[in-house]
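Engineer: Pasting a structure below so you can have a look.
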Amino acid sequence: MNDVSETKLYRLEADWLDAALGALERDGVEVLAPVKDEDGSVNLAPVTASSEVATDYLNALIPLKSVFMPRTEVLIEYERAGVGDVEVLPGAAPAGQRVVLGCRPCDARALVMLDSVFNWDYEDVPYRARRDSTTVVSWACMDPGPHCFCTSVGGSPHSAEGSDAVVYLAGSGPALLQVVTAKGAAFVESLGDRAQPAADGTALPEPPELETKFDTGEIKTWLDENFESELWEEVSLRCLGCGACSFLCPTCHCFDIVDESTWKHGERRRNWDSCAFCQFTQHASGHNPRPNQTTRCRQRVMHKFKYFPDRFEQVACVGCGRCAQNCGVGQNLVSILSRIQSEEKP
Amino acid sequence: MTSEEPALQHVQADLEPGRLIPVDYRPDKMRIEAITVETPDVKTFRLTFCDAQKAGQFAFLPGQFGLYSVFGAGEATFCIASSPTRKGYIECSVKSAGKVTGELHQCEVGDTIGFRGPYGNSFPIDRMKGKNLLFIGGGIGLAPLRSVIGNCLDWRDQFGEVFILYGARSVDDLVYKEELETWRNRTDVRTLFTVDPGGETPDWDGQVGFVPTVLEEAAPNPENTIVLTCGPPIMIKFVLNSLTKLGFSLDAAYTTLENRMKCGVGKCGRCNVGNVYVCKDGPVFRCDQLQALPQEF
């Protein structure tokens, strides 16, 4: 992503969203925007009219990662070709041009972490194709929710990391847009006269205040020394191993690869997986390096706050709060981390 | 013994800083050329690439692994069990244990399977040159050692004494019986083959006893020696104890881990031991480095 050297601000007219949707549709670009489902939850979905777009929402239930790493995708297909032979066919064609319009900055920031993994010496071709063909326009967070903790993990309700552009909405009136990358600049161009360079001296709004709940540096110091702590057993007692926290986590990227086939035709699929599942690491022999929920819970915390920083110099958490909000047994990452911090600093 | 070569060689050919290797998870097709029944539940498959160009380009180092797939059943990870000095084919030895391995055991000569790889690092051939070599294998753990043993025996004059200690639960469970015989008949290789107590047959002329016990009795000289060991986790654990007792330094001992993997390239997130990824940082590890990791493998 070519970063734009200086912050460029644009003033968007009140009807900018209609203009954007119209222009992008004419160019054959698919737009994914927050849409309210019947049950009240919001998710990113294809839209063609501004009336479909939910502008007043906390966050999507399913995180932005699903746009780049779908819950399930076909990696390859194959056809039986005679006895004992197959013809291997290419997987699904890469996605066309897309714009995500209205994810939250925390979810966009998670892309920086996913990029680290999916470009770690080996470039994951399907992921990269979707990243290249997708422009990410975040809507700055004006009113964080009760579970949000982005400021505790190095983020901000107005973070521009991972976004190509950030829009600061102000009700249904004119908005402010910050261009972050060349892709963001191209998006502004598609708005035509509905986007004008902001007047000199225009400043970005101050982000809303969000209390910092723990210090990731101190947490890491504790994790470095406490693989064997009794705390792991205690904090994992309630965990059912359902995997909801990882499926809904914008940075969790673990996947499974499975074949699904009939006799003549088959697909090799990549599906989301979770370190919380009991068979995740189980060998065919039955041996399991992480044989119980305690070791699996520990892996999840260690991966995000120790192993990932060891490798990529960033924690693998953006503080969106989905894991705490959606846990069926009230498990809470923030409380575990706060607890760890209190161990570190008695 | 000092550790003059802390980093293991990543041949990955192409793994240079800043250069990304694209991975689209598309396997290359390989044809099963031969099947050897090693034990009641282990078969060795000799494979050649269907694509001539791929066959010509393919190279690997001993210790590296691949993802083998039976179309319709899925992918599974095995080391390459043949020596890189033997060109034109690869072999893998597979124990029938799960879905993919079970289907693989149903395959016949002439069938097509998929292969992705080679991935991972390799045994430290360069460090081994000029040294005495002690190979300690257990069960099907001889498979990765067979690749490096074959490599070393093909370059025999570059190494000092070669000692191969191999054991299995029973005589039936010994793999590569033909090669064991070849190795035993060589005058430039010392061999010691053993089966667990109760696993012997009336005509068994090898040792009876667990590998670590037999190792201690054989008491090889640690001086100027590199140890390569592979086998069940419990065997490795006791072998390392025995090596320490015998005066070996674990920074001169290497083993290879085989955690469950899906991608083979550091993305799917399941083969890690602590912050180490078996697929990218291994599968070959120096034993002292392994002992410093969380004991979660």
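Protein sequences appear in the order of chains A and B. Start counting the first sequence at 2; every next residue gets the next number (the working numbering). Start counting the second sequence at 45; every next residue gets the next number (the working numbering). Glycine included, every Cβ here is placed at the ideal spot set by N, Cα and C. On a predicted model such as this, the values are computed, not experimentally measured, just so you know.
1) Would you decide whether A/V330 is buried or exposed? Buried here means 16 or more other CB atoms lie within 10 Å of its CB.
2) Report yes if the C-beta distance between B/D217 and B/T83 is below 7 angstroms; otherwise report no.
3) Any residues in the segment 224–258 of chain A with a beta carbon nearer than 9 angstroms to a beta carbon of chain B? Which ones, in chain order?
4) Does DSSP classify B/Q333 as helix, strand or coil?
5) Would a check of beta-carbon distances place B/D325 closer than 7 angstroms to chain A?
6) Quick check on DSSP: helix, strand or coil for B/C123?
7) Alpha carbon to alpha carbon, how far is A/F215 from A/E231? Give it in angstroms, no decimals.
8) Along the segment 269–294 of chain A, what residues have a CB closer than 8 angstroms to any CB found in chain B?
9) Counting only the same chain and skipping the five closest in sequence on each side, list residues whose C-beta sits under 7 angstroms from that of B/G253.
10) Going along the segment 151–173 of chain B in order, which residues come within less than 8 angstroms of chain A, judged by CB to CB distance?
11) Note the first and the last residue of the continuous alpha helix (DSSP H) segment covering A/D194.
12) Pick helix, strand or coil for B/Q251, following the three-state DSSP scheme.
13) With C-beta atoms as the reference, is A/V100 less than 7 angstroms away from A/S139?
14) Going by the CB atoms, is the gap between A/A15 and A/W174 shorter than 7 angstroms?
15) Out of B/D232, B/P188, B/A187 and B/E222, which one is the CA nearest neighbour of B/G204?
16) With a CB to CB cut of under 6 angstroms and the five nearest residues on each side skipped, what residues in its chain are close to A/L112?
17) Tell me B/W199's beta-bridge partners as DSSP assigns them.
18) Would you please verify whether the beta carbon of A/S262 is less than 7 angstroms from any beta carbon of chain B?
19) Alpha carbon to alpha carbon, how far is A/D57 from A/L192? Give it in angstroms, no decimals.
20) Quick one: list the residues of chain A neighbouring B/G310, beta-carbon separation under 8 angstroms, in chain order.
21) Could you list which residues in chain B have their beta carbon closer than 7 angstroms to that of A/R312, in chain order?
22) What separation, rounded to the nearest whole angstrom, lies between the Cα atoms of B/S126 and B/S191?
23) Check this for me: beta carbons of B/L259 and B/L209, under 7 angstroms apart or not?
24) On the criterion of 16 or more Cβ atoms from any shown chain inside 10 Å, does A/L76 qualify as buried, or is it exposed?
25) Give me the chain B residues within the contact set of A/V126, using Cβ-Cβ distance strictly less than 7 angstroms, ordered along the chain.
26) Please classify B/I278 as buried or exposed, where buried requires at least 16 other C-beta atoms within 10 Å of its C-beta.
27) Quick one: list the residues of chain B neighbouring A/K307, beta-carbon separation under 9 angstroms, in chain order.
28) From A/V181 to B/I134, what distance separates their C-alpha atoms?
29) Could you give the DSSP three-state label for B/D217: helix, strand or coil?
30) Going by beta-carbon coordinates alone, are B/Y163 and B/F109 separated by less than 7 angstroms?
Structural biologist: The short version:
1) An exposed status is given to A/V330, since fewer than 16 other beta-carbon atoms sit within 10 Å of its beta-carbon.
2) At the C-beta level, B/D217 and B/T83 come within 7 angstroms of one another.
3) The residues in question are F228, E229, C253, H254, C255, F256, D257 and I258.
4) B/Q333 sits in a helix when the DSSP states are folded into three classes.
5) Not closer than 7 angstroms to any Cβ of chain A, the Cβ of B/D325 fails to qualify, so no.
6) In the three-state reduction of the DSSP assignment, B/C123 falls in the strand class.
7) Whole-angstrom Cα-Cα distance: 21 angstroms.
8) Taking 8 angstroms as the upper bound on Cβ-Cβ separation, chain B lies near residues R269, R271, D274, C276, F281, T282, Q283, H284, A285, S286, H288, P290 and R291 of the segment 269–294 of chain A.
9) Contacts found: T238 and P241.
10) Per Cβ criterion, the list reads C151, E152, G154, D155, T156 and G158.
11) Unbroken run through A/D194: none, as it is neither H nor E.
12) Residue state, collapsed to three classes: strand.
13) No, they are not a contact pair.
14) The question names Trp, but residue 174 of chain A in the sequence shown is Gly. Yes, these two residues count as a Cβ contact at 7 angstroms.
15) The shortest C-alpha to C-alpha distance from B/G204 to any of B/D232, B/P188, B/A187 and B/E222 is the one to B/D232.
16) Within the same chain, A/L112 has close Cβ partners G163.
17) Answer is none; B/W199 lacks a bridge partner.
18) Answer yes: the Cβ-Cβ gap between A/S262 and chain B drops below 7 angstroms somewhere.
19) Using only the alpha carbons, I get a separation of about 22 angstroms.
20) Under the 8 angstroms cutoff, chain A gives V118, W121, D122 and Y123.
21) For A/R312, the neighbours in chain B by C-beta distance under 7 angstroms run, in chain order, N319.
22) Taking the Cα positions, B/S126 is about 5 angstroms away from B/S191.
23) Contact check for B/L259 against B/L209 passes: the beta carbons are separated by less than 7 angstroms.
24) Residue burial annotation: A/L76 is buried, with at least 16 other C-beta atoms found within 10 angstroms of its C-beta.
25) Result: P66, V67 and D68.
26) Exposed, since its Cβ has fewer than 16 Cβ neighbours within 10 Å.
27) For A/K307, the residues of chain B that pass the 9 angstroms Cβ criterion are G318 and N319, in the order they occur in the chain.
28) Cα atoms of A/V181 and B/I134: separation of roughly 49 angstroms, rounded to the nearest angstrom.
29) Reduced to three states, the DSSP call for B/D217 is helix.
30) It is a contact, given that the beta carbons lie within the stated cut-off.
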